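S.K.: Got a structure for you, written out below as structure tokens; questions coming shortly.
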Amino acid sequence: MPEPILTGRRLSGLAAIVTGAGAEGAEIGIGRAVALVLAGEGARVACIDLDLERAQATADMIRERGGDAVAIAADVSLRPACAEAVSAALDWMGRLDILVNNVGISPPSSLSGLDEGQWSRVMAVNLDSALWMCQRSVPAMVTGGGGSIVNIASIAGMRAHGSLAYGTSKAGMVQLAREIAVAHGRDGIRANAVAPGHVMTSHIARRMPPGMREDRRKVGPLGIEGDAWDVAMAVCFLASPEARFITGVLLPVDGGVTQIGPLPAHALILGD
Ligand SMILES: NC(=O)c1ccc[n+]([C@@H]2O[C@H](COP(=O)([O-])OP(=O)(O)OC[C@H]3O[C@@H](n4cnc5c(N)ncnc54)[C@H](O)[C@@H]3O)[C@@H](O)[C@H]2O)c1
Numbered sequence: 012m013p014e015p016i017l018t019g020r021r022l023s024g025l026a027a028i029v030t031g032a033g034a035e036g037a038e039i040g041i042g043r044a045v046a047l048v049l050a051g052e053g054a055r056v057a058c059i060d061l062d063l064e065r066a067q068a069t070a071d072m073i074r075e076r077g078g079d080a081v082a083i084a085a086d087v088s089l090r091p092a093c094a095e096a097v098s099a100a101l102d103w104m105g106r107l108d109i110l111v112n113n114v115g116i117s118p119p120s121s122l123s124g125l126d127e128g129q130w131s132r133v134m135a136v137n138l139d140s141a142l143w144m145c146q147r148s149v150p151a152m153v154t155g156g157g158g159s160i161v162n163i164a165s166i167a168g169m170r171a172h173g174s175l176a177y178g179t180s181k182a183g184m185v186q187l188a189r190e191i192a193v194a195h196g197r198d199g200i201r202a203n204a205v206a207p208g209h210v211m212t213s214h215i216a217r218r219m220p221p222g223m224r225e226d227r228r229k230v231g232p233l234g235i236e237g238d239a240w241d242v243a244m245a246v247c248f249l250a251s252p253e254a255r256f257i258t259g260v261l262l263p264v265d266g267g268v269t270q271i272g273p274l275p276a277h278a279l280i281l282g283d
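The sequence shown begins at 12 in our numbering and counts up one residue at a time.
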């Protein structure tokens with residue numbers, strides 16, 4: 012979809028952190044799209060990324076659109092870096108209402124080929140980062156009367172996709188959201204997960220073998236592919252007070268591909 016038209020009001024007065032908020036050049040990755048949409052709905056946004064230039068580019072894009080953002084460099088796979096990044100965000104924003112755990116890496120992995128280093132790296136970047144960011148953010152949210160956490164999981168954590176470490180880490184992010192939802196519901200904190208699937212970003216386009224894009228499109232009930240804005244709009248809804256009665260859920264943003272059985276999927280491929 013084209014960049015969404017936003018109201019500037021739905022998240023007015025709220026403060027958000029987005030991890031992995033950068034992207035290469037002017038590309039629109041999921042983290043950048045989320046940061047732009049939250050800011051476009053009125054939130055102040057702390058854009059955290061390993062690469063300061065990328066985070067800065069997102070913050071600049073937000074300011075060009077009239078929003079308010081700061082860039083913070085941090086490797087969120089490390090617990091002390093998460094603590095420092097949340098503190099820096101709080102110093103700038105004065106409060107914290109929304110945390111989007113977006114960082115994720117997806118190197119190929121299988122049972123026979125995995126070594127300890129590869130497994131630990133995927134778990135640290137995808138799952139530990141979400142855990143340590145939540146650990147530091149929840150007390151600040153409680154102080155402010157509550158908040159909303161959204162973990163960016165993947166359909167690869169809902170069904171086996173042949174990427175063992177990535178899929179397992181993403182399933183863990185969903186469970187992390189459930190646990191926080193139940194443990195901190197009475198603190199006014201909601202925690203949910205979004206599972207993107209069959210979403211096209213420049214980063215994925217570069218890695219995808221020829222022909223796969225078309226095969227992926229065919230197997231979905233809608234027959235279209237999604238983009239980073241589709242994911243960002245779902246995140247924005249879950250983050251907003253409009254979702255005040257929704258917590259502990261996993262929302263697939265995948266054009267329905269995880270809802271289809273094998274026979275209808277086969278028929279869709281043949282009929283397209
Ligand atoms: N793109 C898709 O089709 C798709 C599908 C399903 C799920 N996802 C998930 O969505 C999220 C975003 O994906 P994307 O492809 O837009 O992101 P991406 O790979 O483009 O990365 C976004 C940013 O994360 C930063 N980053 C990486 N490691 C970091 C770390 N340790 N600390 C801080 N920042 C770090 C990178 O510098 C980059 O700027 C990921 O969690 C991914 O698993 C994406």
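We put the beta carbon where it would ideally sit given N, CA and C, even for glycine. The model shown is predicted, which means the values in this text are computed figures rather than measured ones.
(1) Does ligand 1 have even one heavy atom less than 6 Å from the beta-carbon of R218?
(2) How far does the beta strand (DSSP E) with T289 in it extend, from its first residue to its last?
(3) Using the three-state DSSP reduction, which class does S140 fall into: helix, strand or coil?
(4) In chain order, what residues of the same chain lie with their CB nearer than 8 Å to the CB of G24, ignoring the 5 residues before and after it?
(5) Short check: CB of A57 to CB of I28, under 7 Å?
(6) Quick one: residues in its chain with C-beta nearer than 8 Å to the C-beta of V97, no 5 flanking neighbours on either side, listed in chain order?
(7) So what's I116 in DSSP terms, helix, strand or just coil?
(8) Does the distance between the C-beta of S88 and the nearest non-hydrogen atom of ligand 1 fall short of 6 Å?
(9) Throw me the rounded Cβ distance for the A176 and S120 pair, which I believe falls under 8 Å.
(10) With a floor of 3 residues, list each beta strand (DSSP E) that falls wholly inside the segment 59 to 131, ordered by position along the chain.
(11) May I ask you to check if the CB of L61 is nearer than 6 Å to at least one heavy atom of ligand 1?
(12) Looking only at C-alpha atoms, which of R228, G156, M223 and A243 sits nearest to I200?
(13) Classify P273 as helix, strand or coil using the three-state DSSP reduction.
(14) Note down the Cα distance separating S88 from D139, rounded to an integer number of angstroms.
(15) Within its chain, find whatever has a CB closer than 6 Å to the CB of P232; leave out the 5 residues flanking it on each side and keep chain order.
(16) Using CA atoms only, rank isn't needed, just tell me which of P221, P273, A182 and G115 is closest to I59.
(17) Quick one, which of I280, E64 and A85 has its alpha-carbon nearest E225's?
(18) Does the beta-carbon of T18 have 16 or more other beta-carbons within 10 angstroms, so that it is buried, or is it exposed?
(19) For S213, I'd like the list of residues in its chain whose CB is within less than 6 Å of its CB, leaving aside the five on either flank, ordered along the chain.
(20) Once DSSP output is grouped into helix, strand and coil, what is the label at A206?
(21) If you count every other CB in all the chains shown that lies within 10 Å of the CB of P8, and 16 or more means buried, which is it?
(22) Would the beta-carbon of K181 fall within 7 Å of that of S159?
(23) Using three-state DSSP, classify A44 as helix, strand or coil.
(24) Is G128 near ligand 1, judged by its Cβ being under 6 Å from some heavy atom?
(25) Measure the C-alpha to C-alpha separation of I109 and H195 and round it to an integer number of angstroms.
(26) Under 6 Å from any heavy atom of ligand 1, does the C-beta of P91 make it?
(27) Expressed to the nearest angstrom, what Euclidean distance is found between the alpha-carbon atoms of L125 and G42?
M.R.: With the structure as the only source:
(1) Answer for R218: no, Cβ out of range of ligand 1.
(2) Lying before the first or after the last residue shown, residue 289 is absent from the chain, which here runs from 12 to 283.
(3) Under the three-state reduction of DSSP output, S140 falls in the helix class.
(4) Cβ neighbours of G24 beyond the five flanking positions: G53.
(5) Yes, the Cβ-Cβ distance between A57 and I28 is below 7 Å.
(6) Hits under 8 Å: I28, L107, M144, R147, S148 and A151.
(7) The answer is coil: DSSP assigns I116 none of H, G, I, E or B.
(8) Between ligand 1 and the CB of S88, the shortest heavy atom gap is smaller than 6 Å.
(9) At roughly 4 Å, the Cβ-Cβ gap stays under 8 Å, so A176 and S120 are in contact.
(10) Taking only runs of at least 3 residues, the beta strand (DSSP E) segments lying wholly in the segment 59 to 131 are 79 to 84 and 109 to 112.
(11) True, at least one ligand heavy atom lies under 6 Å from that Cβ.
(12) Out of R228, G156, M223 and A243, G156 has the C-alpha closest to the C-alpha of I200.
(13) Annotated three-state conformation of P273 is helix, per DSSP.
(14) Approximately 6 Å between the Cα atoms of the pair.
(15) Setting aside the 5 residues that flank it on each side, P232 is surrounded in the same chain by G267 and I271, each with a C-beta closer than 6 Å to its C-beta; the list follows chain order.
(16) Nearest of P221, P273, A182 and G115 to I59, Cα basis: G115.
(17) When each option's Cα is compared against that of E225, the closest is I280.
(18) Under this definition T18 is an exposed residue.
(19) If the five residues before and after S213 are omitted, its C-beta is found closer than 6 Å to the C-beta atoms of E38, all from its own chain and listed in chain order.
(20) If DSSP states are grouped into helix, strand and coil, A206 belongs with the strands.
(21) Outside the displayed span of the chain (12 to 283) sits residue 8, for which this structure offers no information.
(22) Cβ distance not < 7 Å, so K181 and S159 don't count as in contact.
(23) Three-state result, A44: helix.
(24) Relative to ligand 1, even the nearest heavy atom lies 6 Å or more away from the CB of G128.
(25) Between the alpha carbons of I109 and H195 lies a distance of about 14 Å.
(26) Outside the cutoff, so no.
(27) When only Cα atoms are considered, L125 and G42 end up about 28 Å apart.
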